[in-house]
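Undergrad: For the numbering used here, count along the sequence shown from 1 and bump the result up by 29.
All C-beta atoms, glycine included, are put in the ideal place defined by N, C-alpha and C.
All values derive from a computational prediction rather than experimental measurement.
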Amino acid sequence: PGLRVYRGVQEIPRVSGGFGIAIVSTPQGVMSDRAARAAGHGGEVLCFVA
């Protein structure tokens, strides 16, 4: 729980074959996995919604 794992933009996982979303905390704020990839930002994956 205390270990923060940061992912690069290429390492953000796709959820349920692209039908779900991941919530990612980036330096630019909290955004979905699609928005983070489009903006070119990696960050800490907070949760998955399938």
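By the three-class DSSP mapping on this structure, what secondary structure does Val44 have?
TA: In the sequence shown, residue 44 corresponds to position 15, counting from 1. Val44 falls in the coil class under three-state DSSP.
Undergrad: Between Ser45, Phe77, Met60, Glu73, which has its C-alpha nearest Arg36's C-alpha?
TA: On the sequence shown, residue 36 is found 7 positions in, with the first residue counted as 1. The shortest C-alpha separation from Arg36 is found at Glu73.
Undergrad: With DSSP collapsed to three states, give me the class of Ala79.
TA: By one-based count along the sequence shown, residue 79 stands at place 50. Reduced to three states, the DSSP call for Ala79 is coil.
Undergrad: Checking 7 Å against the spacing of the C-beta atoms, do Gly49 and Ala79 come in under that value?
TA: Within the sequence shown, residue 49 is the residue found at index 20, counting from 1. Within the sequence shown, residue 79 is the residue found at index 50, counting from 1. Yes.
Undergrad: From which residue to which residue does the alpha helix (DSSP H) around Arg33 run?
TA: Position 4 of the sequence shown, counting from 1, holds the residue named residue 33. Taken as a continuous stretch (DSSP letters only), Arg33 belongs to no alpha helix (DSSP H), as it is neither H nor E.
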